[in-house]
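Okay, structure first, notes after.
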Amino acid sequence: MGHFSIAHLPRHWYVACKSEELRDQPLARTMLDVPLVLFRDAGGEPRALIDRCAHRNVPLSKGAVMAGKLVCGYHGWCYDGEGQVIGVPALVGDPTGKARRVSRYATKEKQGYVWVWLDPDKEPDKEPYTVPGIGLPGYDTIRYESDIPATLHAAAENVLDVPHTAFLHKGLFRGTGTPNKITAKILRTGVMAQAEYVGEPRPSGWIGRFLAPGGGTVEHFDRFVLPSIAEVEYRLGADNHLVVTSLLTPISDFVTRLFAAASFKLRVPHAIVNAALKPLAQRVLTQDIEILGAQTESVKRFEGEQFVSTDVDILGPHIWRLLKQAERGEEPDERYEAEVELMA
Amino acid sequence: MGHFSIAHLPRHWYVACKSEELRDQPLARTMLDVPLVLFRDAGGEPRALIDRCAHRNVPLSKGAVMAGKLVCGYHGWCYDGEGQVIGVPALVGDPTGKARRVSRYATKEKQGYVWVWLDPDKEPDKEPYTVPGIGLPGYDTIRYESDIPATLHAAAENVLDVPHTAFLHKGLFRGTGTPNKITAKILRTGVMAQAEYVGEPRPSGWIGRFLAPGGGTVEHFDRFVLPSIAEVEYRLGADNHLVVTSLLTPISDFVTRLFAAASFKLRVPHAIVNAALKPLAQRVLTQDIEILGAQTESVKRFEGEQFVSTDVDILGPHIWRLLKQAERGEEPDERYEAEVELMA
Amino acid sequence: MGHFSIAHLPRHWYVACKSEELRDQPLARTMLDVPLVLFRDAGGEPRALIDRCAHRNVPLSKGAVMAGKLVCGYHGWCYDGEGQVIGVPALVGDPTGKARRVSRYATKEKQGYVWVWLDPDKEPDKEPYTVPGIGLPGYDTIRYESDIPATLHAAAENVLDVPHTAFLHKGLFRGTGTPNKITAKILRTGVMAQAEYVGEPRPSGWIGRFLAPGGGTVEHFDRFVLPSIAEVEYRLGADNHLVVTSLLTPISDFVTRLFAAASFKLRVPHAIVNAALKPLAQRVLTQDIEILGAQTESVKRFEGEQFVSTDVDILGPHIWRLLKQAERGEEPDERYEAEVELMA
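Protein chains in written order, with the numbering used here: chain G, 1 to 344; chain A, 345 to 688; chain Z, 689 to 1032.
Encoded structure:
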């Protein structure tokens, strides 16, 4: 087996589902290859346990939520939100006991997402990421989700990659006009990597038209924040602001779930943007999913990645460096800055 | 890989098929992960060979039975019931020869089942199990079969487990009345493990109604007999007797075939029982198959079982002890007796 | 894992596709388990590269041919027929460079087939096989193709095996009359193995009728030529000649692609032969595919081959000897001759 760009970072928050997906029945979600079951306790708080009954290992997600407790569908073992067994129907005597419990994972509900801290039976040492734009005055937010058949690294690189847009998404996003030489100012700290594109004219295609109907030079940032947030931000003056945050959750080594929130404050009437942005994003996403799926099949078939990068792979190598250093628990590098020219 | 409750006991009889399934053509059956072909010889006796032609390894079950001999479909090599090649069409000279044979397995047809002794080229040192009730005066028998997506151990434990019935089969079999505290008297010998339930009122649900329309305290035995027989027996006085024998055949590590025979002598008109028992058993079986399939997927996904048992897992741990000791060829334990209280 | 009759001989020509299959778009073909992409350059010449973009490993076959160059569908990297990158759209500066290339495979278009030399980045030291009959005056050729679910060895043995025809293809090809004792004269050199059948009456079945409507003794040769050509030739006097050449391409260990060319010069009107031969060949092939697929499943299931051969497995063992010696790079045996009697 060759090299795959896969890093496991359990001591972090990841989105398990949207708030509205978690209702009165248990919800199965695999994260970092671990099967979890989510449910709401009697107070409505989300809870996450490993999805395996301590007794005969049936998935607890096949059971039911009764009065805020999770009940296994086989013999009726009953769990509280901490993963402790509090009922065994056929048993005479005390049902609790040290062995009769399952791992639980810390959860946090925030901005319409349910986040899970993937280190079992541990307390988080930070807060989940705050997605910019959601709920701010003058902003609207569109959300969409999808499974991406790719490693977290390949998915994050793709979301933040400028060069493929002109080619893969030709017409939808860039690619129709004459390319311009622009400069990317790269900044990498211990927890994030960012590219600021300087001197970039309004991107061609539909999304550029919403952003800057009158043309002009836009401010454009692409940024990755550990462990799995990929954010694209465009700004034109004070009145036009679009930020698309992709919260990436590693389901397994080669499947990554994308929870995207596109928030915008634009001069173009929001009703038009609301109607047009989601189908546009969906088409872009469908093209990315197809090509990333082909990439994944290919690296599996060849039993390893053989990537050759150039200067214009602006953020991919930095994302990998951040992931790998974090996985190894290494002291991150000092602040890094660089400039790269590219045609976009 | 962690622990799985899997034991291989080839020196035993297992049911391959019902008599009526084995007719004039070869029948493929996998048992203990070994592909076998069954056919009837010129005298109508069942024969079992390994399902692989000695020549080019094509499954003999793809061939045909001609005059009580089994003929491979590729080059026409012809086998007798002992697995000896007795014909090679293109060959000039004697077709027999020591290398030109395949393993054969002893067979026995009894009570409408074809049993196979899974130790190849060996003679059995005992008879197949005699299923109680079949053919006895005043008894009727209903048979049903199914593949169960579980280890032999998990399937046998499930068949003989009381606590899950009130929960998984609620309404069909127990679970509707108030639970009673009853006593299970456990007996384990070198070849079997049995639980006798003392002081058990008629079980709630439909099956209890057939057994004891007027209520009353029933005699109830659950027993496991090596290598793979799981039997549930209910008796109420001299006139009401129901015994369900599950003959379990390990197909592969995680698939077990169930051949069930439910024999009964009841005061309730047998026509009613005949009409109702099979659909009831089928519904119970469907629920068990679904939960056992979920259990199997889960232990595979977690790469091992992590079972926590309690006292009310009455027979499961004893079944495993019997299987494991038999697999290791150990001297079995001395007679073991114990009592357990449970809510049922 | 036991033994499988699998040999890898990359330093040889194999057919990738028929000429007519390779048009103006890239064509994906797996050969010897290696994913390749074929395309035609600006001169119309076939080109073959490894099917993996050097950049992010997306299959190049998902891209497009533009002006005789192959362009990846993800970021638009552009390759010439030698596998060299000659364009990277977003890059400022020279796109070429030693690391920016992929392996290329020599190709040759001949007699309507595109051949590929499976040793990457190497020049062939011989020409592809010349298929007899194609384009000769007085000859017609019928072509057909199929994937065979078997090793190259099992497929070649099957194509050249006489005994199975009377059994598996009974009625279509042999098997209807009384078998005759005939003699096979075997010849094996360093690169081929051949059986000449002496004293063979016209084969029974349809194909024999075309060949020799008036009966008579035919000349019949079966031959295997390294690495993967299986040829069956019948001749009756100067006027009746039928030669079926099977060009076998190993796709993967257990899948072999067959490109067959049946050329004939016969007294029977060619219009009749043209109409009848292809459906006949297709039925024979369907039967072979089914039995070879069963053989393959069986050897996989038993984790190895356990073949027992007899004298009448005329060419199979010689084919394996040739393949194995060639794979090991051994000096081939001296010329070998033998005679075998068989019933056919």
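Positions of the beta carbon are idealized from the N, C-alpha and C atoms, including for glycine.
Given that H585 of chain A touches chain Z, what residues does it touch there, using C-beta distances under 9 Å?
-> When 9 Å is used as the limit between beta carbons, H585 of chain A is near no residue of chain Z, the shortest such separation being about 44 Å.
Host alpha helix (DSSP H) of V273 of chain G (start-end) = Here the alpha helix (DSSP H) through V273 of chain G covers 270-301.
Would DSSP call H352 of chain A helix, strand or coil?
-> DSSP places H352 of chain A in coil when its eight states are reduced to three.
Within the 8 Å Cβ cut-off, does L322 of chain G reach chain A?
-> Contact with chain A is absent for L322 of chain G, since none of that chain's Cβ atoms lies less than 8 Å from the residue's Cβ.
Closer than 8 Å, Cβ to any Cβ of chain A: which residues of the region 91-113 of chain G, in chain order?
-> Taking a C-beta cut-off of 8 Å against chain A, the contacting residues of the region 91-113 of chain G are L91, V92, A99, R100, listed in chain order.
Beta-carbon spacing of V776 of chain Z, P714 of chain Z below 8 Å | Cβ atoms of V776 of chain Z and P714 of chain Z: not closer than 8 Å.
Beta-carbon of F307 of chain G versus every beta-carbon of chain Z: anything under 8 Å?
-> Judged by the 8 Å Cβ criterion, F307 of chain G is in contact with chain Z.
Compile a chain-ordered list of the residues in the region 966-986 of chain Z whose CB is closer than 7 Å to at least one CB of chain A.
-> For the region 966-986 of chain Z, which is checked against every Cβ of chain A, the residues closer than 7 Å are I979, A982, Q983, S986.
Between the Cα of E770 of chain Z and the Cα atoms of Z:T784, Z:G761, Z:H763, Z:N928, which residue gives the shortest distance?
-> Closest by alpha carbon: Z:T784.
Kindly indicate the opening and closing residues of the beta strand (DSSP E) around Q882 of chain Z.
-> For Q882 of chain Z, the enclosing beta strand (DSSP E) begins and ends at 880-889.
Please name the residue, chosen from G:E196, G:M343, G:K324, that lies closest to L152 of chain G on a Cα-to-Cα basis.
-> Here the closest residue by C-alpha is G:K324.
Residues, ordered as in the chain, of the region 864-893 of chain Z that lie near chain G by beta-carbon distance below 9 Å = Within the region 864-893 of chain Z, no residue qualifies.
Are the CB atoms of R744 of chain Z and F302 of chain G nearer to each other than 8 Å?
-> In this structure, R744 of chain Z keeps its C-beta atom at 8 Å or more from the C-beta atom of F302 of chain G.
State yes or no: is the beta carbon of L342 of chain G nearer than 8 Å to at least one beta carbon in chain Z?
-> For L342 of chain G, the nearest beta carbon of chain Z is closer than 8 Å to its own beta carbon.
Tell me where the alpha helix (DSSP H) around I207 of chain G begins and ends.
-> Here the alpha helix (DSSP H) through I207 of chain G covers 206-211.
Which of helix, strand or coil does DSSP assign to K170 of chain G?
-> In this structure, DSSP gives K170 of chain G a state outside helix and strand, which the three-state scheme calls coil.
Checking contacts by CB at 8 Å: is N158 of chain G closer than that to chain A?
-> Not closer than 8 Å to any Cβ of chain A, the Cβ of N158 of chain G fails to qualify, so no.
Which of the residues in the region 762-773 of chain Z, read from start to end, lie with their CB under 7 Å from any CB of chain G?
-> Taking a C-beta cut-off of 7 Å against chain G, the contacting residues of the region 762-773 of chain Z are Y762, H763, G764, listed in chain order.
So, are the CB atoms of V102 of chain G and Y79 of chain G less than 8 Å apart?
-> In this structure, Y79 of chain G lies closer than 8 Å to V102 of chain G by Cβ.
List the residues of chain A that H55 of chain G touches, going by C-beta distances under 9 Å, in chain order.
-> Proximity of chain A to H55 of chain G at the Cβ level (cut-off 9 Å) is accounted for by F651, V652, S653, T654, D657, in chain order.
In or out: I689 of chain A buried (at least 16 other Cβ within 10 Å) or exposed?
-> Coverage of chain A is limited to positions 345 through 688, which leaves residue 689 of chain A absent and any answer about it impossible.
Assumed close pair I830 of chain Z, K966 of chain Z - CB separation to whole angstroms, cut-off 8 Å = At roughly 5 Å, the Cβ-Cβ gap stays under 8 Å, so I830 of chain Z and K966 of chain Z are in contact.
According to the neighbour-count rule (16 or more other Cβ atoms, all chains shown, within 10 Å of its Cβ), is Y680 of chain A buried or exposed?
-> With fewer than 16 other beta carbons inside 10 angstroms of its own, Y680 of chain A counts as exposed.
Residue nearest to A443 of chain A in terms of C-alpha spacing, selected from A:E467, A:Y418, A:A398 = Closest in alpha carbon position to A443 of chain A, among A:E467, A:Y418, A:A398, is A:A398.
Cα-Cα separation between R897 of chain Z and T600 of chain A, rounded to whole angstroms | For R897 of chain Z and T600 of chain A, the distance between alpha carbons rounds to 53 Å.
What are the partner residues of N868 of chain Z, as DSSP defines its beta bridges?
-> According to DSSP, N868 of chain Z bridges with nothing at all.
Mind pulling the chain G residues with CB within less than 9 Å of P493 of chain A?
-> Chain G residues near P493 of chain A: none, gap ~13 Å exceeds 9 Å.
Cutoff 6 Å; reference V656 of chain A; Cβ partners in own chain excluding five residues on either side = In its chain, beyond the 5 residues on either side, P507, L686 have a beta carbon closer than 6 Å to the beta carbon of V656 of chain A.
Closer than 9 Å by beta-carbon distance: list the chain A residues that pair up with H958 of chain Z, in chain order.
-> Here the premise fails: no neighbours, minimum Cβ distance about 32 Å.
To the nearest whole angstrom, what separates the beta carbons of L555 of chain A and Y578 of chain A, a pair I think is in contact under 8 Å?
-> That belief holds up - the Cβ atoms of L555 of chain A and Y578 of chain A are roughly 5 Å apart, short of 8 Å.
Looking only at its own chain, which residues have a Cβ that is under 8 Å from the Cβ of T107 of chain G, when we skip the five neighbours before and after it?
-> If you ignore the 5 residues before and after T107 of chain G, its C-beta comes within less than 8 Å of the C-beta of A16, L38, E45, P46, R47, A48, V114, W115, V116, W117, all in its own chain and listed in chain order.
For P1020 of chain Z versus G826 of chain Z, is the C-beta distance shorter than 8 Å?
-> The answer is no: Cβ separation not under 8 Å.
Nearest CA to the CA of K529 of chain A: which residue from A:W550, A:D566, A:G549?
-> Measuring from the Cα of K529 of chain A, the nearest candidate turns out to be A:D566.
What is the residue span of the beta strand (DSSP E) that N584 of chain A lies within?
-> Going by DSSP, N584 of chain A is part of the beta strand (DSSP E) stretching over 584-596.
Compare the C-beta of H691 of chain Z with all C-beta atoms of chain A and state if any pair is closer than 8 Å.
-> It does not; no Cβ of chain A falls within 8 Å.
Whose Cβ in chain G lies nearer than 9 Å to the Cβ of V746 of chain Z?
-> Chain G residues near V746 of chain Z: I291, L292, A294, Q295, S298.
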